[in-house]
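The block underneath contains the structure these notes are about, expressed in structure tokens.
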Amino acid sequence: MEGSSALAPQKNEFMTLGDWESMWQRGQTGFHQTTVYKLLESNIDKVLAGRTGVKFFFPLCGKAVDMKWLSDLGHSVVGVEISEKAIREFFAESKMSYTEEPVSTIPGAKVFRNTEKTVSIYQCDIYCFSR
Numbered sequence: 001m002e003g004s005s006a007l008a009p010q011k012n013e014f015m016t017l018g019d020w021e022s023m024w025q026r027g028q029t030g031f032h033q034t035t036v037y038k039l040l041e042s043n044i045d046k047v048l049a050g051r052t053g054v055k056f057f058f059p060l061c062g063k064a065v066d067m068k069w070l071s072d073l074g075h076s077v078v079g080v081e082i083s084e085k086a087i088r089e090f091f092a093e094s095k096m097s098y099t100e101e102p103v104s105t106i107p108g109a110k111v112f113r114n115t116e117k118t119v120s121i122y123q124c125d126i127y128c129f130s131r
């Protein structure tokens, strides 16, 4: 099936942590969505199944607006992101005050938490995160 990119062999490529950070620094974040993911929004009742105070995990979270939306609904969010720029932009764009502190169990990692402690974003390599 020549010409079909879905069936074409994939190149053996990978992205380093530095590559990811560089994309954020250059503003090459076309993957970032400025609205809540529609399937999450339309199915939130099914996801929650009547539960309150649910904890959501966002691996490679960037500055996903879904995190603030879920926090505003009364849930807590834990994210993991390597780019400090993305994390700081999330809190600034969400108009959330936050603190940052080192994570003693993950070398070089920091955790950013909003004042209400409903959003915690760990700045570290996701492969080092095990909470």
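Using the UniProt record's numbering, you'd call the opening residue of the sequence shown number 1 and step up by one each time. We treat Cβ as the ideally placed atom computed from N, Cα and C, and that holds for glycine.
On the criterion of 16 or more Cβ atoms from any shown chain inside 10 Å, does residue i qualify as buried, or is it exposed?
i    : result
S130 : exposed
R113 : buried
K63  : buried
Y98  : buried
V47  : exposed
L70  : buried
M15  : exposed
Are the beta-carbon atoms belonging to residue i and residue j less than 9 Å from one another?
i    : j    : result
G79  : S120 : yes
V65  : T35  : yes
F90  : K68  : yes
Y122 : K110 : yes
Determine which residues share a DSSP beta bridge with residue i and list them.
i    : result
E81  : Q123
P102 : K110
F57  : V78
Just the C-alpha distance for residue i and residue j, rounded to the nearest angstrom, thanks.
i           : j   : result
A49         : N43 : 10 Å
residue 138 : R26 : With the chain running from 1 to 131 in the structure shown, residue 138 is simply not present.
E13         : H75 : 37 Å
C61         : E81 : 6 Å
F58         : Q33 : 14 Å
L17         : D45 : 35 Å
R88         : K11 : 33 Å
Which residue wins for smallest C-alpha separation from residue i, given the options the options?
i    : options                : result
K85  : W20, T16, S71 and F14  : W20
V77  : S83, E101 and T52      : T52
C124 : E101, Y37, A92 and S83 : S83
L40  : F56, M15 and M96       : F56
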